[in-house]
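Chains as they are written, first to last, in my numbering: chain A, 3 to 247; chain B, 959 to 1176; chain C, 14 to 252.
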Amino acid sequence: MNVPRALTAAVHGVYGLRWLVLPPATAIAMFALLVGAVIAAPREIVEGEVQRLMYIHVPSALMTYLAFGITFVSSLIVLWKRDMRWDAAARASATVGVIFTAITLATGAIWGKPIWGVYWAWDARLTTTLVLFLIFSAYLLARAVAGPNDEQVARYAAVFAVIGALDIPLIHMSVSWWRTLHPQPIVFRPLDGPALPDEMLLVLMIGFGAIFLLVLWMTSLLTDAERLAQRTEALRARLDREDRG
Amino acid sequence: MSATLAVLRKDLRLAWRDRSGWLAAASFAAISVLTYSFAFDLAAQDVRPLLPGVLWTTFLFAGIFAGGQSFQREAEQGTFDAMLMAPVPASAIYFGKALSNMLALIVVEVALLLLATILFDTTLITADLILIVAVGTVGYVSLTTLLSTLGSRARARAVLLPALALPLLVPLLIAAVRATGASLGEPAGTAPWTLLLVVFALWSSVGAALLFPMVVER
Amino acid sequence: MSGGDATVAIEARALTKRFGMLTVVDAVDFRLSPGSKTALLGANGAGKTTLLGLLATLVTPSAGAAWIGGESLARPSAALRRRIGVLAHLPMLYEELSALENLTFFARLYGVREAPARIEELLRAVGLWRRRDEPTHVFSRGQHQRLALARALLHTPDVLLLDEPETGLDVAGVALLDELVLTAPGLTVLAATHRVDHVDSWAEGALRLDRGRLVEDTTDRGQSPAGATAAAAVPEGPR
């Protein structure tokens, strides 16, 4: 009984520090990323300046899975524990995930035009990201039709998020098989080629750290905002009841 | 099991009594195929490359529109609460609802296949095609039945349901279109589309049946 | 959770329902004797419908516990649900099905034995036997409520939960309600109502809710110390 309680206390302690730790750490890391990507990293010989987008694109793509992972786990807890705090976390992380999938798709398209010759290619990874974007946009839409304290719609949305997350492997599989029918873009080259010079690799690593912190900070900010919205609505309902009673 | 049958019989009887809902879905499906014919000028060319996509998008939209109605009526009349308070598991209610939606939709779909056979002079009533349609229908109706429990709660339900359902159904749509194309003699690649269709149907029906009690709990 | 007392028809201990941060039913304690007729009073939004939903196993409690005939409502068994009947303000009937088909469907769900005889008995009692094959959408509001009453009594429950039962009932319907429910021996009744004038004629006691809290309990077991101590024994926190 003591060990889980100590663990919970430790988690609460760390989470309580978010306002102290995350803003400065995120600011420093993002500044380092900007300096690294724009100034420090060498100009790529073949692709030119547009290649610098990679330092945002690749970490964003990876961190969307972190955000949607938080949505998935929070949604399971909403269904299991009926705790609306986790609904706030699920909504917040889904919002952050949708923002970063949009950034991933946008930076990919800007990079794709000069390098591939097209903004968009029906490549398996791209298409999966797009469907992911649509699924979690729909999640936010479904959750937004009801108030922050509507437990039933929260459970509905949680079920939708769980199904959406479990659907990802099927989507990826079907989209890859679907694409094998058609030729790949001739200019296609993996964005993160294996032979990356050291300076570039360093900046990319900074990028991973910075976007990771940014996702965490945005998620905790939005979670707090959702909690405040829940409290505001509960207070308003209580006032309504006082006025009637 | 007997509860599932009771719900199924009741829903089929309701579907028959209040035919307007399903007739609307069927006429939507027919008009949709005609619209595609005009839009893609299907009369002037070989329809087989386009036909699977035309059929499956029509099936999905008809299914989403028709499936949304069943829970809305139940919620408005309070009968959904009455079923939930009855001494039967919620998943039994789910299976009854999903099965009745599937049966009604398969009738609509076979009628549409007949119509397309006449319009495009392509034999569509074959054993393997009907099997593909049936398995695909199990796959998407399982999910749309679960999703339509949003019922009358959401103002924008009519817009919301397709936005929720269609992204989840991407694997089913791809697999069903390819499998249907293959059965019409179109090149469909080497991927096991029918297997994917079966896996999706299993995944969606088991997942939806497990999650349904959590959606309706309050 | 132990503590169910089979000699008590309905028992609630610290029964609580929260929707998000809003507490709708707030730590309610009461015990009702078998066969007792109790009025559930309170303004709109006081939590009457939610409390009835909790007792009907439709709503899952956030904290606390409740028992029907000594059996806990947490994870309700089929047998437990067969002991509960509900008459809500919505009639809970299929408009396109006939009176007979409606009752037959619910008899199947409840596993009612010798259903045709039971259905005929009830339809005769509520005066709808001659109109049994008509779809219910042709019925008047009063006829709807009478059929709803038949549906609620179909599986011969021990406990009947009523939510504003007089709404929409005609004079004959109110008389039927008195005869079949409010004076039925052995049937435990908890009826939410805002018509205080009618209450005195049938209710033996009353529970009054105000903003989710039980503020008045005039039932025969109302002041029993057992209820007060039991409330303290139930551990707090969401289940």
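Here a beta-carbon is modelled for each residue, glycine too, at the ideal position from N, C-alpha and C.
Residues of the region 71-86 of chain A whose Cβ lies closer than 9 angstroms to any Cβ of chain C, in chain order: K83, R84, D85 and M86. Against chain B, the CB of V194/C has no partner CB under 8 angstroms away; the residue lies outside that interface.
Note on geometry: alpha-carbon atoms of D230/C and F43/C lie some 8 angstroms from one another.
Counting C-beta pairs closer than 8 angstroms gives three or more between the region 43-53 of chain C and the region 193-210 of chain C, which meets the contact rule.
Around M1172/B, the beta-carbon contacts reaching into chain A at under 7 angstroms are L81, R157 and V161. Its chain contains W142 and R145 as the residues whose beta carbon lies nearer than 6 angstroms to that of L136/C, once the 5 sequence neighbours on both sides are disregarded; these appear in chain order. For W88/A, the enclosing alpha helix (DSSP H) covers residues M86 to W118.
Where F152/C is concerned, there is no enclosing beta strand (DSSP E), because DSSP gives it neither an H nor an E. Interface residue (Cβ-Cβ distance to chain A less than 8 angstroms): T1107/B is classified as such. In the structure shown, E114/C falls within a helical segment according to DSSP collapsed to helix, strand and coil. When DSSP states are grouped into helix, strand and coil, G98/C belongs to the strand group. Looking from the CA of E217/C, the closest CA among R121/C, D233/C, N57/C and V209/C belongs to D233/C.
DSSP places L53/C inside the beta strand (DSSP E), whose first and last residues are K50 to L54. Here DSSP, grouped into helix, strand and coil, assigns W122/A to coil. Around the C-beta of S1058/B, 16 or more other C-beta atoms lie within 10 Å, and the residue is accordingly described as buried. Beta-bridge pairing by DSSP links S85/C to W80/C. Contacts with chain C at 8 angstroms (Cβ-Cβ) do not include M959/B. Contact check between the region 84-99 of chain A and the region 156-166 of chain A: three or more CB pairs, one atom from each, fall below 8 angstroms, which counts as touching. Unbroken beta strand (DSSP E) runs of no fewer than 3 residues, entirely contained in the region 1053-1094 of chain B, are not found. The C-alpha of L35/C is placed about 39 angstroms away from the C-alpha of V184/C.
In the structure shown, T232/C adopts coil according to DSSP, grouped into three states. Between V172/C and G66/C, the C-beta gap is not smaller than 8 angstroms, which leaves the two residues out of contact. Comparing C-alpha distances from L68/A to each of T97/A, D89/A and K83/A shows the shortest one belongs to T97/A.
Nearest C-alpha to L142/A among R127/A, V100/A and D200/A: V100/A. Between E147/C and L1118/B, the alpha-carbon positions lie close to 36 angstroms from each other. Cβ neighbours of V1174/B within its own chain (closer than 7 angstroms, five residues either side excluded): L1042, A1048 and T1107.
Neighbours of R233/A across chain C, judged by C-beta separation under 7 angstroms: M34.
Flagged as an interface residue toward chain B: A69/C, by a C-beta distance shorter than 8 angstroms. For the C-beta of A1044/B, the chain C residues within less than 8 angstroms are, from N- to C-terminus, R94, F119, L122 and Y123. At least one C-beta of chain A is nearer than 8 angstroms to the C-beta of R224/C. Comparing alpha carbon positions, the residue from S1162/B, A1020/B, L1009/B and L1155/B closest to G1143/B is L1009/B.
Residue pairing of V38/C in beta bridges, as defined by DSSP: K30/C. The beta carbon of V205/A is closer than 8 angstroms to those of L35, G38, A39, A42, A43 and Y57 in its chain, skipping five residues each way along the sequence.
Rounded to whole angstroms, L1127/B and K83/A show a C-alpha spacing of 29 angstroms. Annotation for D176/C: the continuous beta strand (DSSP E) segment containing it runs V172 to D176. Under a criterion of Cβ atoms nearer than 9 angstroms, no residue of chain B is adjacent to W113/A; the nearest Cβ is some 25 angstroms distant.
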